[in-house]
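Down below is the structure, laid out as structure tokens.
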Amino acid sequence: MTNSSSEAGSLPAQPSPTPDASDASAEPATPPQTPNPGIARAVQATPGQRKVHIPATSVEQTTQDDAATRRVWKKMLLEHFTGEKDVSEFLKAMGSFRQSSLQTLINRALTKLQAAAQDLQDAEHETGMTDPLLAYLKAIVSRFSKKTRPTFHDTHATPFDSVDKQQHYTKPDITGTRPGMTKKPAKWGWTDAGTVIELKYKTEIFNEDGTVNKDNIESIKALIQLGKSARSLLMASGSCHVYVLTLVGHRARIFRFDRSSFCVTKRFDLTQDFVSLPTFLWRLYNPENKDTCTRMYGGDDTISLPNHRDKKRMFGVLERTPFYHHLSFAEATKDSLWIRAVRFVEREGAARELEVVRCFTFGGILSISDGLFSRATRVHRVVLEEDADEDSPTIYALKDAWPQTCRRPEVDFYDFIAEHVRRERDNPQKARLASVFDSFAQCHGSVDLSDLHLLSPTETQKLRCNSALHCSVPGVPDHADVDPDIADQLARKHTRLLLTPVGGPLKKFKTSQSLVQALFNAINQHRIVYQAGLIHRDVSEGNVLLREVSAPRPEHNGFLLDWDYAQFTAEGLAKFKEWFPGHHRKDDVQRNLKDMTGTFPFMAIEIVRQLADQDTRLLLRAIGIDENPVMDQDHAQPSQESLVDQASSVTDFSHRAHHDLESFYWLLVWMVIRHTGLVKDPLACRELFGHHGDDAKMGHLHKVPKFDRSANPPLYDLLQLFRAAVLAQNPEASATVQPPQPKEDDPDLEFEVAEVVPPLPPVPVLLDHQQILGLLSTYVRSAGWPTDDPGQEYILPSVFAVHHKVLEAGTQERIQSLTSGSGSKRSAVEFDVDEEPGEEPQTKKKRSETQPMVNVGQQRRSGAAAGGSKGAQKKK
761 MTNSSSEAGS
771 LPAQPSPTPD
781 ASDASAEPAT
791 PPQTPNPGIA
801 RAVQATPGQR
811 KVHIPATSVE
821 QTTQDDAATR
831 RVWKKMLLEH
841 FTGEKDVSEF
851 LKAMGSFRQS
861 SLQTLINRAL
871 TKLQAAAQDL
881 QDAEHETGMT
891 DPLLAYLKAI
901 VSRFSKKTRP
911 TFHDTHATPF
921 DSVDKQQHYT
931 KPDITGTRPG
941 MTKKPAKWGW
951 TDAGTVIELK
961 YKTEIFNEDG
971 TVNKDNIESI
981 KALIQLGKSA
991 RSLLMASGSC
1001 HVYVLTLVGH
1011 RARIFRFDRS
1021 SFCVTKRFDL
1031 TQDFVSLPTF
1041 LWRLYNPENK
1051 DTCTRMYGGD
1061 DTISLPNHRD
1071 KKRMFGVLER
1081 TPFYHHLSFA
1091 EATKDSLWIR
1101 AVRFVEREGA
1111 ARELEVVRCF
1121 TFGGILSISD
1131 GLFSRATRVH
1141 RVVLEEDADE
1151 DSPTIYALKD
1161 AWPQTCRRPE
1171 VDFYDFIAEH
1181 VRRERDNPQK
1191 ARLASVFDSF
1201 AQCHGSVDLS
1211 DLHLLSPTET
1221 QKLRCNSALH
1231 CSVPGVPDHA
1241 DVDPDIADQL
1251 ARKHTRLLLT
1261 PVGGPLKKFK
1271 TSQSLVQALF
1281 NAINQHRIVY
1291 QAGLIHRDVS
1301 EGNVLLREVS
1311 APRPEHNGFL
1321 LDWDYAQFTA
1331 EGLAKFKEWF
1341 PGHHRKDDVQ
1351 RNLKDMTGTF
1361 PFMAIEIVRQ
1371 LADQDTRLLL
1381 RAIGIDENPV
1391 MDQDHAQPSQ
1401 ESLVDQASSV
1411 TDFSHRAHHD
1421 LESFYWLLVW
1431 MVIRHTGLVK
1441 DPLACRELFG
1451 HHGDDAKMGH
1461 LHKVPKFDRS
1471 ANPPLYDLLQ
1481 LFRAAVLAQN
1491 PEASATVQPP
1501 QPKEDDPDLE
1511 FEVAEVVPPL
1521 PPVPVLLDHQ
1531 QILGLLSTYV
1541 RSAGWPTDDP
1551 GQEYILPSVF
1561 AVHHKVLEAG
1571 TQERIQSLTS
1581 GSGSKRSAVE
1591 FDVDEEPGEE
1601 PQTKKKRSET
1611 QPMVNVGQQR
1621 RSGAAAGGSK
1631 GAQKKK
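Counted from 1, the sequence shown has number 1584 at position 824 by the numbering used here; the numbering is strictly sequential.
Printed below as a string of structure tokens:
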């Protein structure tokens, strides 16, 4: 292996693509400068809303006081607030009431309210409000039936662990239990909570005109606290919408949160309004005006709890399955649910029929989204009650989500892939790819619970679903004042898909070699689907999974799924319309391409830059620059119009296949840093993925992997070559100095001052499937892989703890130096020069104090500064 003196280090010899790594006819080994317009070019559109998820990379990011996290929450809540609602209209939207029952509740609680009123008015702090309010709440619910009655408890000092394990706990002031819980839980969790009430002595979240008091930090903190409680209630219960309350002194508000937005009632005074709170609580805990209903208002009416007999029966079914028979009864049935869904019934020569089925969840939830206003995806392992008598019943993954109503159903993409695979399978020239075709995820059922027109009357009755409950419309219960365009963007529908195979997390790989094999398989699937005319657009850790089977075939161990954010190319859309003429959708290609989608750590550098350019454009327009006239042409600064045009160059951008291929690289790096144990720096993940810009990723591309090659030579060399390919896709312009030229119009000056001229951006060498599949195939088959290096659990590091440890170590070294009299001139913390591949650790040099360490990102920024604005260099 030849060494290089470049900072990035030398590269292993580039392997040739393995003949059977992919279809030889798929793509040329070197991609053309202009990709095939029939496949690679999707219709370009102006970026619209972002849908970018940014996971935490340090403990500090999960704390309540993290400023960046607070800014994200503030922005999200302000954008999804649909306004104040009249209390009477708000309650009327919750349904009709039995007036006699309500009047009895009001009369019975009135005495307690009168006793509490003065205490609430006289309270000098929040804790002084608790006891009188609890007494009033107890009096209201005392007339509820035993099955529907909640209990209310002071929980201001009780930590509730977040449903999302990477978020901090919270302490609601007062918690109302789920229906029928007459005793205080031994250990509180969000599954025990039905609603929460936050008490504030003076802090009012809203202004007198009903707008959020966004300039008051305490008001924003109070709103975020409510938002986090609502998110936890939604995640824990799977409800369609939830309710939380605030009490400022003796004035109350009721909040309604769903997956699209939230609204709030106007203030009502508990000391004067004796009706609103009892009415609300009665409707919340008696959604069908029935004393036997244990579902809360807003709860999912297609979900129910199995009894012990149900659990025993379905556990017997699981004992006949090859992969799950080892589960104990407790492991399998803890937190199990009955969930109604729809399965496809395929018959030869007949149209596909839809059958309502009852799904039994087992083994705990597979994955759950932590978003509040989002798709809120939840995935369960399920076995169908209808298959209980089969010798080896199929195990499905049940995907429950809330996509936007304006988006194409995900089932369309699965149908498109299945039809393409069927046609390719019939091609004799593709026979060797049969095992690849078998590895694709498949959809076996789909239903939009907000629109049941595709179901027969018989099946609709079996589903027993109130469609209105499963459509999240902004501004409900009073959305007449919401802008139609905003409502269209925010409105969501509740969908369910039945998928196979069931997949486990990628981080559970058995060996690092099997991890690379899984990524190879996923990229190969991506290639086949891309050739058909479909781009995934959200390659991430959660969308590449490992099959849950006893002995997976290598070519099956790893598959790509979750086509929520996928988009057809122009050619793909034409195929879809030909194959499925009855599927008419209004959004087609351009609508989906308006969104910046993805999971931030895995996004391609060009997309990250587009996000930054979008921010610039929006900022310029927000301050009115695009409405101002052009500045004087002789002015030294660029005109305002030119700045807007420059920022608007993002309109020419579209997400393409090479962006997804780059995402596979970042996914591999993410897995290596977090789950292999090879990278010893606890902050490595934060340093690379914990920033919103592209500097960290570009800096990474100029460095060698952060672990010793001898620990895993194949993985080290694979990362080197993959990194080089990604760097070639993201070349950077560097400023050049134009040689001084004679100044013709001034005979007294021989030369003019040299001018720094930014060159045209270098032409990127785009990644292609053939190249990356060949690379991975060569190394996954090479020798030297460890045989016992399974995925390790990743623990979020504390930046403070790491820095404290470094400082403490430096202090101890300095003390030892002084006491020994050596007077070492070396700094307490030294940095290793990047090693060459294959270089032994003991040959690494040290940087002394006289040789300062230069940050690659700083070099790039200083070069850009010398050659003009960064935006000008990026403009293409």
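Every residue gets a Cβ at the ideal spot worked out from N, C-alpha and C, and that includes glycine.
For my contact list, residue i and residue j are in at a C-beta cut-off of 8 Å; report their separation, rounded to the angstrom.
| i | j | result |
| --- | --- | --- |
| Leu1044 | Val901 | Not confirmed; about 10 Å, so no contact. |
| Lys1466 | Ala1444 | 6 Å |
| Leu1478 | Val1276 | 7 Å |
| Ser818 | Leu1438 | Not really, about 20 Å apart at Cβ, beyond 8 Å. |
| Ser1199 | Phe1280 | That belief does not hold up - the Cβ atoms of Ser1199 and Phe1280 are roughly 11 Å apart, past 8 Å. |
| Ala1136 | Ser1129 | 5 Å |
| Pro1361 | Trp1430 | 6 Å |
Drop a sphere of 10 angstroms on the beta-carbon of residue i, count the other beta-carbons inside from all chains shown, and report buried for 16 or more, exposed for fewer.
| i | result |
| --- | --- |
| His1068 | exposed |
| Arg1310 | Just to set this straight, residue 1310 is Ser in the shown sequence, not Arg. Exposed, since its Cβ has fewer than 16 Cβ neighbours within 10 Å. |
| Asn1226 | exposed |
| Gly1076 | exposed |
| His1316 | buried |
| Ile1383 | With a pLDDT of 46 at Ile1383, under the threshold of 50, the modelled position of this residue cannot be trusted; read the value that follows with caution. Exposed: under 16 other Cβ atoms inside 10 Å. |
| Val1368 | buried |
| Ser785 | In this prediction, Ser785 has a pLDDT of 38, which is less than 50 and means its spatial position is unreliable; what the coordinates show is noted afterwards. Per the 10 Å Cβ criterion, exposed. |
| Asn796 | Here Asn796 scores only 32 on pLDDT, less than 50, and its place in the model is too uncertain to base an answer on. |
| Arg1287 | buried |
| Gly1124 | exposed |
| Arg1183 | exposed |
| Trp1339 | exposed |
| Val1593 | Low confidence applies to Val1593: its pLDDT is 33, below 50, so where it sits in the model is not reliable enough to give any reading. |
| Ser1096 | buried |
| Thr955 | buried |
| Lys1457 | buried |
| Asp846 | exposed |
Just to confirm, is the Cβ distance from residue i to residue j under 7 Å?
| i | j | result |
| --- | --- | --- |
| Lys931 | His913 | no |
| Leu1229 | Cys1023 | no |
| His1435 | Lys1267 | yes |
| Leu1259 | Ala1201 | yes |
| Phe1173 | Trp948 | no |
| Ala1282 | Val1304 | yes |
| Lys1222 | Val1143 | no |
| Ile957 | Ile934 | yes |
| Thr1031 | Arg1013 | no |
| Thr842 | Ser992 | no |
| Gly1205 | Arg1103 | yes |
| Glu1308 | Phe1089 | no |
| Ala996 | Thr942 | no |
| Ala876 | Ala895 | yes |
Nearest to residue i by alpha carbon, out of the options?
| i | options | result |
| --- | --- | --- |
| Asp975 | Arg1141, Arg1103, Arg831 | Arg831 |
| Phe1269 | Thr871, Ser992, Pro919, Pro1550 | Pro1550 |
| Gln985 | Asp1454, Trp1098, Gln927 | Gln927 |
| Glu839 | Phe1133, Leu1475, His1564 | Phe1133 |
| Gly888 | Tyr1084, Tyr1325, Asp1208, Gly1009 | Gly1009 |
| Ala853 | Arg1016, Leu1158, Val1181, Arg1446 | Arg1016 |
| Glu1422 | Gly1358, Thr1220, Phe1176, Pro1188 | Gly1358 |
Which of the three DSSP states, helix, strand or coil, is assigned to residue i?
| i | result |
| --- | --- |
| Cys1203 | strand |
| Ala1543 | coil |
| Glu1596 | Model confidence at Glu1596 stands at a pLDDT of 38, short of 50, so the residue's coordinates are unreliable and nothing is read from them. |
| Ser1402 | In this prediction, Ser1402 scores a pLDDT of 35, lower than 50, which makes its location untrustworthy; the coordinate-derived value is nonetheless stated afterwards. Helix at Ser1402. |
| Gln1327 | strand |
| Ser1310 | coil |
| Asp1018 | strand |
| Ala802 | Here Ala802 scores only 30 on pLDDT, less than 50, and its place in the model should not be relied on; the value that follows carries that caveat. Note: Ala802 maps to coil in three-state DSSP. |
| Trp1098 | strand |
| Arg1469 | helix |
| Ser1537 | helix |
| Val1233 | coil |
Chain D beta carbons: is any one of them nearer than 7 Å to that of residue i?
| i | result |
| --- | --- |
| Pro1163 | Looking for chain D here will not work: only one protein chain is present. |
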